[in-house]
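Just below is one structure, and these are the notes that go with it.
2 protein chains.
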Amino acid sequence: MKKQDPSKKLEELGKKLVQDIDKGKNPTIEFSLRSLSNVIFDEKSKTLTLGDKTQQRSFFNVSHAKKFLQTLEIAKVSKILLDVSKHASLRDVFYMAKRTIPNSNINIVDDQSESDKALEDLELITDCSREQLNINANKMGSVAGNVVIEDAGDLINWSKLGSGGWSIPSNVENIEFKSVKAKYVIYMEKQAVWERLHEDKFWEKQNCIIVTSQGQTTRGIRRLLQRLTEEHSLPIYVLADFDPWGFYIYSVLKYGSINLAHMSGTMTLQNARFLGITADDVANYDLKKHFIKFKDVDMTRLKQIAEYDWFKKNKAWQRQFKMMKDFGAKLEIQSLSSKGITFISEKYLPEKIKRGEFLE
Amino acid sequence: MKKQDPSKKLEELGKKLVQDIDKGKNPTIEFSLRSLSNVIFDEKSKTLTLGDKTQQRSFFNVSHAKKFLQTLEIAKVSKILLDVSKHASLRDVFYMAKRTIPNSNINIVDDQSESDKALEDLELITDCSREQLNINANKMGSVAGNVVIEDAGDLINWSKLGSGGWSIPSNVENIEFKSVKAKYVIYMEKQAVWERLHEDKFWEKQNCIIVTSQGQTTRGIRRLLQRLTEEHSLPIYVLADFDPWGFYIYSVLKYGSINLAHMSGTMTLQNARFLGITADDVANYDLKKHFIKFKDVDMTRLKQIAEYDWFKKNKAWQRQFKMMKDFGAKLEIQSLSSKGITFISEKYLPEKIKRGEFLE
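The listed protein sequences correspond, in order, to chains A and B.
First residue of the first sequence? That's 390 in our numbering, and the numbers climb one at a time after it.
First residue of the second sequence? That's 390 in our numbering, and the numbers climb one at a time after it.
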């Protein structure tokens with residue numbers, strides 16, 4: 390997907406529609422159907438992806454006309470952004486598209502969900518990601534390690550950024566890796582755990598890169614992880630809570646999600662492995678007393694995840710799910726702090742990585 | 390508060406209790422009462438602060454004993470952290486304190502709210518902030534500008550960090566400003582707006598520093614802003630949505646909050662000014678069509694804020710509240726994008742700052 394020229398793709402779209410008009414045909418866009426019925430788990434690529442069904446959107450069709458206009462309006466906004474080399478957020482794009490159709494009192498979009506949806510369609514139509522179309526997602530995350538990058542004209546050394554680290558932007562398509570000295574990447578869902586490892590200089594001692602978001606992984610971070618693994622062959626280890634939500638973070642990173650099925654090529658991490666916290670850690674590190682009892686919603690979520698296509702026939706994971714169910718409890722990464730402040734960086738992680746105790 | 394030696398303060402606390410025991414007295418800690426009845430708005434310092442009421446906590450008192458133990462346990466955890474020069478998050482501290490009292494089945498703390506509360510008490514007892522006690526809050530935010538700092542042995546130039554910027558750590562007590570070239574600081578609640586200004590090199594063109602969190606300001610960011618204004622006399626301009634929540638962000642930054650009344654000295658920004666979005670911008674920049682209609686909860690929140698001591702007699706603010714009420718609507722910063730991608734950085738902000746259109 391990286392090699393597409395988004396500007397050219399948008400121009401092609403425009404030309405195609407002008408041709409339709411010149412031929413006296415109904416201007417029509419055709420693209421993959423993005424609905425649950427067309428989301429499949431591709432056993433070969435091991436990702437959630439779109440099937441063969443397509444949908445059409447025509448101008449002279451009462452039920453299509455508004456969506457058709459919205460799609461073209463977003464294409465226009467994106468083209469302007471690309472032309473002037475600026476980026477905008479989803480919210481900005483919504484406001485840019487929210488204008489009144491002349492001689493009417495109808496707005497092109499009234500709600501951000503409309504412009505978001507049109508943009509997702511545009512990703513499919515152009516085969517370019519939102520980021521390539523210069524439209525940014527949220528940012529929120531930090532990284533540290535022995536890595537030098539070039540970004541927006543600056544040379545940035547991820548090992549020289551104090552206690553804060555580099556703030557990962559929402560769009561990492563244009564950063565360039567100048568030097569990457571690391572054996573692996575640890576991605577963790579919690580900022581506080583990242584600060585722990587960073588203060589302990591874990592990345593320096595273990596020769597790795599540490600990355601965090603806060604909660605669900607943002608698109609910027611996913612792309613950063615994907616670029617590190619694809620361009621520098623680094624394995625990705627996921628450090629998350631022992632709870633259905635932690636499993637879900639791993640699942641989305643590795644296999645994709647229904648919302649992003651059309652982006653599985655640039656957004657999934659085939660070689661991500663789950664490092665912990667696992668059910669086995671409970672006994673191995675004597676963590677039972679820090680169990681947090683399941684609520685009904687946790688049990689429901691666990692059952693859903695256990696039924697995912699990619700986990701269904703996976704014995705190692707089913708064993709984890711079963712143990713969690715039997716515990717009727719979850720466990721946080723930070724419960725390791727009960728063993729001492731630096732237990733996680735000096736004992737738990739080095740031990741587990743050395744022994745190769747990963748779930749896949 | 391900066392000059393306190395937290396280790397010494399903790400030692401003093403321990404010695405005082407040992408003296409009580411040696412004298413055959415009931416070991417007792419006395420400190421300011423932290424309850425709504427003792428939170429006052431100090432007209433002189435213009436902050437929410439604690440009054441004169443105090444509370445006692447004694448070991449031989451059935452209703453005090455557990456809290457007494459919790460407070461001492463957190464003091465112990467903090468002392469260990471200070472001794473080994475490590476930092477921990479609130480969640481870590483909870484797990485460190487969550488141990489079973491020997492010969493019983495009672496845990497010192499069962500829930501993080503208990504260790505958090507004990508820590509807040511410890512802030513009062515020692516007159517040291519949580520950060521000075523090496524216990525970190527959440528981090529989440531970015532900064533850029535013509536500033537060089539030293540942090541954890543690294544020299545970091547905020548003007549050379551690409552599109553990401555420096556990720557503000559949860560604890561900024563130990564950073565050192567080496568060079569600060571700026572006329573003012575703009576703090577904005579939205580990452581996406583920060584990315585807009587950063588891409589447009591706003592800080593370079595306007596000679597300022599741009600800071601963001603996402604939503605409510607974290608403690609790390611507040612302290613960073615406070616240090617910039619105190620140590621470098623920089624005015625702070627707040628850029629927030631035109632809604633009661635945006636006003637609240639400003640209010641907490643400038644006057645403090647009930648939860649942080651005991652920290653008003655290090656956490657409030659006396660000279661913060663509200664830059665926008667204001668009710669006047671609606672007409673001046675023709676933004677009416679981007680109004681978002683009030684829900685009941687918005688109106689309730691607006692009424693509460695209008696009743697705050699520090700806003701009650703402030704005519705400029707009451708005028709804003711009145712206009713918002715009459716509009717029955719709120720407005721987002723990003724609605725400025727409807728005027729063009731760089732409208733905010735090339736027109737709106739320079740114009741307003743030049744004209745000195747601030748609310749105070």
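Where is the CB? At the ideal position from N, CA and C, for every residue including glycine.
As the structure is a computational prediction, the values presented were derived from the model and not from experiment.
By the criterion of at least three beta-carbon pairs nearer than 8 Å, the segment 428-440 of chain B is not in contact with the segment 397-410 of chain B. Nearest CB-CB separation between P739 of chain B and chain A: not below the 7 Å threshold. Collapsing the DSSP output to three states places S478 of chain A in a strand.
Shortest Cα-Cα distance from D516 of chain B to any of B:P739, B:I733, B:D715, B:D394 involves B:D394. Judged by DSSP in its simplified three-state form, T657 of chain A adopts coil rather than helix or strand.
DSSP places S502 of chain A in the uninterrupted alpha helix (DSSP H) bounded by 501-515.
The beta carbon of E588 of chain B falls within 7 Å of a beta carbon belonging to chain A, placing the residue at that interface. For M577 of chain A, the enclosing beta strand (DSSP E) covers residues 573-577. For Y484 of chain B, the chain A residues whose C-beta falls within less than 7 Å of its own C-beta are H679, Q723, S724, S726, S727, listed in chain order.
Considering only beta carbons, the part of the segment 664-688 of chain B lying closer than 7 Å to chain A consists of H679, in chain order. A Cβ-Cβ distance of about 5 Å is found for the pair K549 of chain A and D543 of chain B, placing them in contact under the 8 Å criterion.
When only Cα atoms are considered, S467 of chain B and D441 of chain B end up about 27 Å apart. Among the CB atoms of chain B, one or more fall inside 7 Å of the CB of L550 of chain A.
If the five residues before and after D431 of chain A are omitted, its C-beta is found closer than 7 Å to the C-beta atoms of T438, all from its own chain and listed in chain order. Residues of chain B with a Cβ closer than 7 Å to the Cβ of M529 of chain A are, in chain order, M529, Q580, Q603. Counting other Cβ atoms within 10 Å of its Cβ, D670 of chain A reaches 16 or more and is therefore classed as buried.
Just measuring C-alpha positions, the residue of B:D685, B:R662, B:Q659, B:I514 sitting nearest I463 of chain B is B:I514. Across the set A:S531, A:L649, A:I694, A:N496, the C-alpha of A:S531 shows the shortest separation from the C-alpha of V600 of chain A. The CB of R423 of chain B never comes closer than 9 Å to any CB in chain A; the least such distance is about 25 Å. For V473 of chain A, the number of other beta carbons within 10 angstroms of its own is below 16, and it is reported as exposed.
Distance check between I557 of chain B and each of B:L613, B:L522, B:N596 places B:L613 closest, using alpha-carbon atoms only. Separation of the CB atoms of I538 of chain B and V482 of chain B is rounded to 27 Å, and the pair is thereby denied contact status at 8 Å. The alpha carbon of Q595 of chain B has as its nearest neighbour, out of B:V574, B:Q605, B:Q615, B:I610, the alpha carbon of B:V574.
At a cut-off of 7 Å between beta carbons, K475 of chain A contacts chain B. DSSP places R662 of chain A within a strand segment (E or B) once states are collapsed to three. Of all residues in the segment 413-441 of chain B, none has a C-beta nearer than 8 Å to a C-beta of chain A.
Per the coordinates, the alpha-carbon of F716 of chain A lies some 11 Å from the alpha-carbon of D632 of chain A. Within chain B, the residues S531, G551, S552, G553, G554, E584, H587 have their CB atoms less than 9 Å from the CB of P558 of chain A, given in chain order.
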